[in-house]
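**Q** Here you go, one structure.
There are 2 protein chains.
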Amino acid sequence: MAIFRPARPNDPLDHVETPALLLDLDALEANLAQMALSVEGTGIALRPHAKTHKCAAIGRRQIAAGAVGLCVQKVGEAEALMHAGITDIRVTNQVVDPRKIARLCALAELGRISVCADSLEQLPLLDAAARDARIRLPVLVEIDVGSGRCGTRPGVPAAELATAIAGSRHLAFEGIQAYHGRAQHLRHASERQEAVDGAVEACRRTLDALAVRGIDCPVVTGAGTGTYPLEAASGVYTEIQPGSYCVMDLDYGADLDAEGCRYDEGGSPFRQAMHVLTTVISRPLPDLMVTDVGHKGVAVDRGLPAVAGRPDLICTGASDEHLKFTCTDPASAPRIGERLALVPGHCDPTVDRHAHFVCIRNGVVRALWPIEAKGAFH
Amino acid sequence: MAIFRPARPNDPLDHVETPALLLDLDALEANLAQMALSVEGTGIALRPHAKTHKCAAIGRRQIAAGAVGLCVQKVGEAEALMHAGITDIRVTNQVVDPRKIARLCALAELGRISVCADSLEQLPLLDAAARDARIRLPVLVEIDVGSGRCGTRPGVPAAELATAIAGSRHLAFEGIQAYHGRAQHLRHASERQEAVDGAVEACRRTLDALAVRGIDCPVVTGAGTGTYPLEAASGVYTEIQPGSYCVMDLDYGADLDAEGCRYDEGGSPFRQAMHVLTTVISRPLPDLMVTDVGHKGVAVDRGLPAVAGRPDLICTGASDEHLKFTCTDPASAPRIGERLALVPGHCDPTVDRHAHFVCIRNGVVRALWPIEAKGAFH
Numbered sequence: 041m042a043i044f045r046p047a048r049p050n051d052p053l054d055h056v057e058t059p060a061l062l063l064d065l066d067a068l069e070a071n072l073a074q075m076a077l078s079v080e081g082t083g084i085a086l087r088p089h090a091k092t093h094k095c096a097a098i099g100r101r102q103i104a105a106g107a108v109g110l111c112v113q114k115v116g117e118a119e120a121l122m123h124a125g126i127t128d129i130r131v132t133n134q135v136v137d138p139r140k141i142a143r144l145c146a147l148a149e150l151g152r153i154s155v156c157a158d159s160l161e162q163l164p165l166l167d168a169a170a171r172d173a174r175i176r177l178p179v180l181v182e183i184d185v186g187s188g189r190c191g192t193r194p195g196v197p198a199a200e201l202a203t204a205i206a207g208s209r210h211l212a213f214e215g216i217q218a219y220h221g222r223a224q225h226l227r228h229a230s231e232r233q234e235a236v237d238g239a240v241e242a243c244r245r246t247l248d249a250l251a252v253r254g255i256d257c258p259v260v261t262g263a264g265t266g267t268y269p270l271e272a273a274s275g276v277y278t279e280i281q282p283g284s285y286c287v288m289d290l291d292y293g294a295d296l297d298a299e300g301c302r303y304d305e306g307g308s309p310f311r312q313a314m315h316v317l318t319t320v321i322s323r324p325l326p327d328l329m330v331t332d333v334g335h336k337g338v339a340v341d342r343g344l345p346a347v348a349g350r351p352d353l354i355c356t357g358a359s360d361e362h363l364k365f366t367c368t369d370p371a372s373a374p375r376i377g378e379r380l381a382l383v384p385g386h387c388d389p390t391v392d393r394h395a396h397f398v399c400i401r402n403g404v405v406r407a408l409w410p411i412e413a414k415g416a417f418h
Numbered sequence: 041m042a043i044f045r046p047a048r049p050n051d052p053l054d055h056v057e058t059p060a061l062l063l064d065l066d067a068l069e070a071n072l073a074q075m076a077l078s079v080e081g082t083g084i085a086l087r088p089h090a091k092t093h094k095c096a097a098i099g100r101r102q103i104a105a106g107a108v109g110l111c112v113q114k115v116g117e118a119e120a121l122m123h124a125g126i127t128d129i130r131v132t133n134q135v136v137d138p139r140k141i142a143r144l145c146a147l148a149e150l151g152r153i154s155v156c157a158d159s160l161e162q163l164p165l166l167d168a169a170a171r172d173a174r175i176r177l178p179v180l181v182e183i184d185v186g187s188g189r190c191g192t193r194p195g196v197p198a199a200e201l202a203t204a205i206a207g208s209r210h211l212a213f214e215g216i217q218a219y220h221g222r223a224q225h226l227r228h229a230s231e232r233q234e235a236v237d238g239a240v241e242a243c244r245r246t247l248d249a250l251a252v253r254g255i256d257c258p259v260v261t262g263a264g265t266g267t268y269p270l271e272a273a274s275g276v277y278t279e280i281q282p283g284s285y286c287v288m289d290l291d292y293g294a295d296l297d298a299e300g301c302r303y304d305e306g307g308s309p310f311r312q313a314m315h316v317l318t319t320v321i322s323r324p325l326p327d328l329m330v331t332d333v334g335h336k337g338v339a340v341d342r343g344l345p346a347v348a349g350r351p352d353l354i355c356t357g358a359s360d361e362h363l364k365f366t367c368t369d370p371a372s373a374p375r376i377g378e379r380l381a382l383v384p385g386h387c388d389p390t391v392d393r394h395a396h397f398v399c400i401r402n403g404v405v406r407a408l409w410p411i412e413a414k415g416a417f418h
């Protein structure tokens with residue numbers, strides 16, 4: 041596949057070809073600084089989740105701002121980012137295929153790699169691959185703290201799994217993976233607090249069961265952009281792994297803070313740093329507008345996108361290569377050829393559809409950052 | 041980006057790494073033969089839509105089976121497929137950016153390229169680019185036949201646009217683009233018939249208005265996998281452009297034929313030729329199973345996938361890198377590490393997430409076909 045470059049450095053923003061994934065460097069830098077500040081001096085480690093950005097240039101900036109390393113979901117993402125120079129990556133997911141485990145262990149040549157487990161069945165496979173790679177592989181026990189997806193039960197079952205890891209010759213028990221994904225998108229602060237209270241309680245029960253067994257637990261990790269201050273203040277979590285904060289999206293923007301203020305109206309310290317630039321290609325009716333990107337270029341799994349600064353344009357449908365909008369004020373509706381900046385419903389899969397971030401400062405393209413882990417779901 | 045290869049030729053199916061996009065060659069070939077047969081001797085041209093497969097190897101087989109060329113939605117797709125040897129491509133979409141129009145016209149060096157228009161504003165841009173490329177660019181008028189997306193109004197407005205095309209020095213009026221996308225997924229045959237009757241009527245009015253102006257209309261094109269026999273039999277359409285038939289999906293499988301038989305239970309002559317192979321990575325509860333692909337690898341815009349041959353496994357949710365399933369019969373539920381073949385809800389965007397079709401015959405990998413136009417939405 042030829043990789044299309046929608047712009048070149050020093051191009052004015054007006055010259056960027058669409059659809060393009062724009063990254064506002066000022067907003068990105070402010071977001072990175074803000075997150076670094078929020079853990080400074082607390083002793084909480086920041087390990088941002090790279091499933092959001094999949095981009096070594098952003099990962100390097102997160103680490104330069106104080107992050108201890110990155111998280112990813114897939115071995116392929118770890119490969120892409122370690123080959124691009126990131127040297128400490130945690131795979132916050134189960135890996136069960138022996139070939140994938142061998143690939144995982146091979147990454148220890150490039151840096152520090154750790155992984156999760158939630159079943160006894162995985163351990164002999166992990167142990168054998170670590171032995172073959174002549175490493176001791178750090179493994180975390182993933183516990184289910186309320187998302188109902190992966191993860192063993194907290195407390196005794198988790199401690200039993202940790203015991204088995206600690207007893208495996210080529211594995212090292214690193215800690216507990218306790219991410220409450222569902223909690224991130226509970227709209228009200230009180231709901232998120234309640235969900236995280238449950239996660240904290242599940243971690244405590246697990247720590248107690250580990251203590252009974254005399255097993256040290258160096259790391260308790262989890263949290264996302266919607267809840268990280270709660271985990272950081274819990275006294276139990278040692279590490280947070282927020283992802284979306286670096287670029288943000290419409291779904292996070294709709295979260296409400298404790299005072300009921302929307303995140304995208306000041307409730308969150310993070311700014312929308314990422315937009316999908318699109319061109320109006322058809323205006324068949326006075327109140328109908330069609331643009332040149334569809335859900336092949338902007339993810340709609342958490343809702344349709346909005347047009348930045350244009351509440352008069354309402355997205356009403358997405359097909360593969362088109363978005364449809366109702367123009368509520370036809371007199372000021374965009375013309376054919378006009379370009380609009382979309383705020384995606386969900387940042388992570390939107391990034392995954394693009395080959396580059398087109399980095400913008402003061403209306404000028406400063407760089408194209410490759411999204412090295414695009415499509416790296418293997 | 042390094043392109044991961046999930047298999048190599050001659051690997052047994054059991055060795056394919058997941059997630060992988062499997063293509064059953066026997067089923068593909070049967071589908072291509074079936075579609076070719078359906079237009080044989082009718083005088084209707086077959087121009088399959090490559091937005092589904094984005095793959096030159098499949099396109100070449102469609103042309104070998106009698107197709108006159110391919111359709112695409114984007115200039116980037118046309119570039120990828122023409123550079124891979126396809127020599128006749130119709131862009132069934134509006135192109136309004138002068139740089140994209142220049143790229144489009146440059147493709148005339150590689151073969152025959154045609155494009156759509158639905159507004160007068162586009163014509164000077166198309167004409168100028170065709171002049172600069174020293175070609176006469178074939179242009180179709182897209183009319184809205186009921187999808188409410190792009191397309192000028194049928195009848196006189198369309199004929200006026202055709203008149204302007206015919207009067208442009210470097211453009212040639214090629215015909216009418218009249219695709220009823222929404223009709224493809226109306227479940228009942230009678231609903232689809234009614235929708236296509238409307239489309240046919242819209243084409244007739246346009247042809248009448250063209251005749252009044254003395255403008256010849258060589259091509260009336262449209263139709264998809266859900267309706268193509270209707271357009272082919274209409275006496276008005278000269279060309280059909282079905283896409284999904286080559287691989288099929290769950291959404292088309294749920295369509296009903298005139299006797300009320302589901303497409304995937306014999307109502308359609310086309311077989312499910314494409315699956316996403318996935319591995320069970322977690323079994324936290326007796327009735328809960330999690331696999332190693334999420335909506336970054338299998339599109340869910342038209343519904344969650346199903347497991348082929350396993351009605352006891354019900355997909356209940358998709359996140360970026362995971363699918364969750366309820367195992368209705370825990371006694372026979374898959375183990376960790378077991379591999380399952382998913383039927384995607386929607387084939388087109390699922391293909392777009394993968395770099396290769398892993399081609400299977402008799403349980404053996406025969407080839408990896410690159411998906412040249414993956415992500416080519418520019």
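These protein sequence lines map, in sequence, to chains A and B.
Residue numbering for the first sequence follows the working numbering, beginning at 41 and increasing consecutively.
Residue numbering for the second sequence follows the working numbering, beginning at 41 and increasing consecutively.
Glycine included, each C-beta is placed from N, C-alpha and C at the ideal position.
Would you say A:T192 reaches chain B, if we count a Cβ-Cβ gap shorter than 8 Å as a contact?
**A** Taking Cβ atoms only, chain B reaches closer than 8 Å to A:T192, which makes this a yes.
**Q** Using three-state DSSP, classify B:N402 as helix, strand or coil.
**A** DSSP places B:N402 in coil when its eight states are reduced to three.
**Q** Please list, in chain order, the chain A residues whose beta carbon lies closer than 9 Å to that of B:H335.
**A** Going along chain A in sequence order, the residues near B:H335 (Cβ under 9 Å) are A339, D341 and P389.
**Q** I'd like the span of the alpha helix (DSSP H) that includes B:Y140, first residue to last.
**A** Residue identity differs from the one stated: residue 140 of chain B is Lys in this sequence, not Tyr. Run containing B:K140: P138 to A146, per the alpha helix (DSSP H) assignment.
**Q** Out of B:A373, B:L270 and B:A395, state which residue places its alpha-carbon closest to the alpha-carbon of B:V316.
**A** The residue with the shortest Cα to Cα distance from B:V316 is B:A395.
**Q** Are the CB atoms of B:D158 and B:V181 nearer to each other than 8 Å?
**A** For B:D158 and B:V181, yes; Cβs fall inside 8 Å.
**Q** Anything in chain A within Cβ reach of B:H362, meaning under 9 Å, just list it in chain order.
**A** By Cβ distance, chain A contributes Q113, N133, R189 and C190.
**Q** Apart from the five residues just before and just after B:D51, which ones in its own chain have a Cβ nearer than 6 Å to its Cβ?
**A** Answer for B:D51: V405, listed in chain order.
**Q** By a C-beta neighbour count over all protein chains shown, 10 Å radius and 16 as the cutoff for buried, is B:V252 buried or exposed?
**A** With fewer than 16 other Cβ atoms within 10 Å, it is exposed.
**Q** When DSSP builds the beta bridges, which residues end up paired with B:A381?
**A** Bridge partners of B:A381: B:L317.
**Q** Closest to B:R342 by C-alpha separation, out of B:P384, B:P324 and B:C367, would be which residue?
**A** Comparing Cα positions, the closest option is B:P384.
**Q** Alpha carbon to alpha carbon, how far is A:G415 from A:E214?
**A** Cα to Cα, A:G415 sits roughly 28 Å from A:E214.
**Q** List, in order along the chain, the chain A residues whose C-beta lies closer than 8 Å to that of B:D158?
**A** Neighbours of B:D158 on chain A, chain order: S322 and P324.
**Q** Taking B:D392 and A:K91 to be in contact with their CB atoms under 8 Å, please state how far apart those CB atoms are, rounded to whole angstroms.
**A** About 19 Å separates the two Cβ atoms, so there is no contact after all.
**Q** According to DSSP, what are the bridge partners of B:S322?
**A** Paired residue(s): B:V330.
**Q** Over what stretch of residues does the beta strand (DSSP E) that includes A:A60 continue unbroken?
**A** Counting along the chain, the beta strand (DSSP E) containing A:A60 begins and ends at A60 to D64.
**Q** Check whether the segment 301-313 of chain B and the segment 231-242 of chain B are in contact - that is, three or more C-beta pairs closer than 8 Å.
**A** Verdict: no, contact absent.
**Q** Leaving out five residues before and five after A:D66 in sequence, what residues of the same chain have Cβ atoms less than 7 Å from its Cβ?
**A** Counting only Cβ-Cβ distances below 7 Å, and skipping sequence neighbours, we find R401.
**Q** So, using beta-carbon positions, are B:V135 and B:L121 closer together than 8 Å?
**A** No, they are not a contact pair.
**Q** Could you tell me whether the Cβ of B:I98 comes closer than 8 Å to any Cβ of chain A?
**A** Output row for B:I98: interface = no.
**Q** Using a Cβ-Cβ cut-off of less than 8 Å, list which residues of the segment 218-233 of chain A approach chain B; keep chain order.
**A** Listed by position, the residues of the segment 218-233 of chain A near chain B (Cβ gap below 8 Å) are G221.
**Q** Mark A:E77 as exposed unless 16 or more other C-beta atoms lie within 10 angstroms of its C-beta, in which case mark it buried.
**A** For the sequence presented, residue 77 of chain A should be read as Leu rather than Glu. Looking at its Cβ environment, which holds fewer than 16 other Cβ atoms inside 10 Å, A:L77 is exposed.
**Q** In terms of residues, what are the limits of the beta strand (DSSP E) holding A:T366?
**A** L363 to C367 is the span of the beta strand (DSSP E), which, as asked, contains A:T366.
**Q** Spell out whether any CB of chain B is found under 8 Å from the CB atom of A:P46.
**A** Judged by the 8 Å Cβ criterion, A:P46 is in contact with chain B.
**Q** Relative to the C-alpha of A:H210, which residue among A:A173, A:Q217 and A:V236 is closest?
**A** If we check each option's Cα against that of A:H210, A:A173 comes out closest.
**Q** Check whether the Cβ of A:T278 sits closer than 7 Å to any heavy atom of the ligand COA, and report yes or no.
**A** Inclusion of the ligand COA in the displayed structure is not the case, the ligand content being empty and no account of it being possible.
**Q** What residues in the segment 79-97 of chain B bring their beta carbon closer than 7 Å to a beta carbon of chain A?
**A** The residues in question are K91.
**Q** Is A:A76 helix, strand or coil by DSSP?
**A** A:A76 falls in the helix class under three-state DSSP.
**Q** Quick one: residues in its chain with C-beta nearer than 8 Å to the C-beta of A:A420, no 5 flanking neighbours on either side, listed in chain order?
**A** What the structure shows of chain A is the stretch from 41 to 418, and residue 420 of chain A is not part of that stretch, so it cannot be assessed.
**Q** So for A:T265, helix, strand or coil by DSSP?
**A** Note: A:T265 maps to coil in three-state DSSP.
**Q** When DSSP labels each residue in this structure, what does A:Q217 get in the three-state scheme?
**A** In the structure shown, A:Q217 sits in a strand (DSSP, three-state: E or B).
**Q** Only counting runs of 4 or more residues, tell me where the alpha helix (DSSP H) segments fall wholly within the segment 264-299 of chain B, in order along the chain.
**A** Here the runs fully enclosed are 268-272 and 290-293.
**Q** From the beta carbon of B:I376, is the nearest beta carbon of chain A less than 8 Å away?
**A** Yes, contact with chain A.
**Q** Which residues of chain B have a Cβ atom closer than 7 Å to the Cβ of A:G116, listed in chain order?
**A** Correct list: F44.
**Q** Use the C-beta contact count for A:D318: other C-beta atoms within 10 angstroms, 16 or more gives buried, fewer gives exposed.
**A** It is Thr, not Asp, that sits at residue 318 of chain A in the sequence shown. A:T318 should be labelled buried.
**Q** Using a Cβ-Cβ cut-off of 8 Å (strictly less than) and excluding sequence neighbours within five positions of B:V260, which residues of its own chain qualify?
**A** Same-chain partners within the cutoff: G215, I216, A218, C243, L247, V276, Y277, T278 and E279.
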